[in-house]
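Q: Numbering (this note's numbering), first residue to last: 1 to 208.
Backbone N, C-alpha and C define an ideal beta-carbon position, used for all residues, glycine too.
Note that the coordinates shown come from a computational prediction; the quantities given were computed from them, not determined experimentally.
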C-alpha cells in the first residue's frame with residue numbers, strides 16, 4: 001500500500017513547479033517503465049484528509065518508486081533531501097535522481113517531495129527578521145513572531161551590559177581582573193594550607 005501526504009505540497013506550492021492545482025496523484029517505477037497515471041496506479045483521497053492511497057498487489061521484491069502528479073506535470077525531486085542526510089530515497093546518485101524503495105507487501109507512508117514530516121517540509125514559522133522568533137528557513141509566516149529583537153550585550157557581568165537586550169550582538173566587554181596572588185585558590189587574600197589541600201584534591205584530574 002502506498003500512502004502519500006499531499007497537504008504540504010498544496011500549501012507550500014514550492015514543490016509543484018508551476019502546477020496550479022493537483023488533479024491526479026500516481027505512483028510509478030521501473031516495474032511499469034516509469035509510466036504516468038494508468039488507472040491502477042492512481043492514488044485517491046477518499047476522506048479528504050490530504051493523504052492519497054493506492055494498493056498494488058502484483059509487485060515483488062524490492063520496489064523502486066516515486067510519486068508524480070497531473071500526468072508528470074510534476075514529480076518528486078528528492079536529491080537535495082538525500083544530500084542533506086535524508087534516508088527516504090536510497091536509490092540515488094546524489095546528483096540527478098533519487099528514488100524511494102520499499103519491500104513488496106509493505107506499507108509506505110510518505111510526504112510528497114520530501115524526506116521530512118509534513119509539518120517540517122511546509123516551512124512555517126516567523127518570517128520577520130525584526131523578531132527574536134525569526135526562522136531563516138521559514139517560507140510561510142505562522143503568526144509566531146512575538147518579541148521584537150533588541151541587539152546588544154545581555155550579560156550583566158559585562159561593562160556595557162544592556163538590560164533591554166535579548167539578542168547578543170557580540171559587543172560585550174569585560175573588565176580584566178588583576179590577580180597578583182595566583183596561588184590563593186580560595187580567594188581569602190593569603191596562600192595557606194587550605195590552598196594546598198585544594199590543589200592536591202584536584203591534582204592529576206583529567207580536564208579534557
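(1) From this set, 105, 139 and 114, which residue's C-alpha is nearest residue 6's C-alpha?
(2) Leaving aside the five residues before and after residue 101 along the sequence, list all residues of the same chain whose C-beta is less than 7 Å from its C-beta, in chain order.
(3) Among 60, 9, 36 and 35, which one has its Cα closest to the Cα of residue 1?
(4) Compare the C-beta of residue 84 against all C-beta atoms of chain D and say whether one is closer than 9 Å.
(5) May I have the straight-line CA-CA distance separating residue 55 from residue 25, to the nearest angstrom?
(6) On a CA-only basis, which of 66, 106, 67 and 131 is nearest residue 166? Give me that one, please.
(7) Here's the rule I'm using: 16 or more other beta-carbon atoms within 10 Å means buried, otherwise exposed. How should residue 76 be labelled?
(8) Rounded to whole angstroms, what's the CA-CA distance from residue 150 to residue 174? Just pull it up for me.
(9) Please state whether the Cβ-Cβ distance between residue 4 and residue 108 is less than 9 Å.
(10) Three-state secondary structure (DSSP) at residue 199?
(11) Return the CA-CA distance between residue 181 and residue 162, expressed in angstroms with no decimal places.
(12) Between residue 133 and residue 142, what straight-line distance do the alpha-carbon atoms span, to the nearest angstrom?
(13) Between the Cα of residue 210 and those of 78, 47 and 144, spot the shortest distance and give me the residue it belongs to.
(14) Which residue's Cα is closest to the Cα of residue 22: 125, 71 and 34?
(15) Could you check whether residue 135 and residue 152 sit closer than 9 Å to each other, using their CB atoms as the reference points?
(16) Excluding sequence positions up to five away, which residues of its chain have a Cβ less than 7 Å from the Cβ of residue 112?
(17) Please report the straight-line C-alpha distance between residue 83 and residue 196, rounded to a whole angstrom.
(18) Between residue 183 and residue 172, which are expected to be in contact by the criterion C-beta below 8 Å, what is the C-beta distance as a whole number of angstroms?
(19) Using the C-alpha atoms, what's the distance from residue 86 back to residue 80?
A: Taking the coordinates as given:
(1) 114
(2) 62, 63, 64, 90 and 91
(3) Checked all of 60, 9, 36 and 35; the closest Cα to residue 1 is 60.
(4) Looking at the structure shown, chain D is missing, and only one protein chain is on hand.
(5) 13 Å
(6) In this structure, 131 is the residue among 66, 106, 67 and 131 with its C-alpha nearest to the C-alpha of residue 166.
(7) buried
(8) Rounded to whole angstroms, the separation of the alpha carbons of residue 174 and residue 150 is 20 Å.
(9) yes
(10) helix
(11) 32 Å
(12) 11 Å
(13) Because the chain spans 1 through 208 in this model, residue 210 falls outside it and cannot be assessed.
(14) 71
(15) no
(16) Answer for residue 112: 4, 5, 6, 9, 15, 67 and 76, listed in chain order.
(17) 56 Å
(18) Not quite, the Cβ-Cβ distance comes to about 30 Å (not below 8 Å), so this is no contact.
(19) 8 Å
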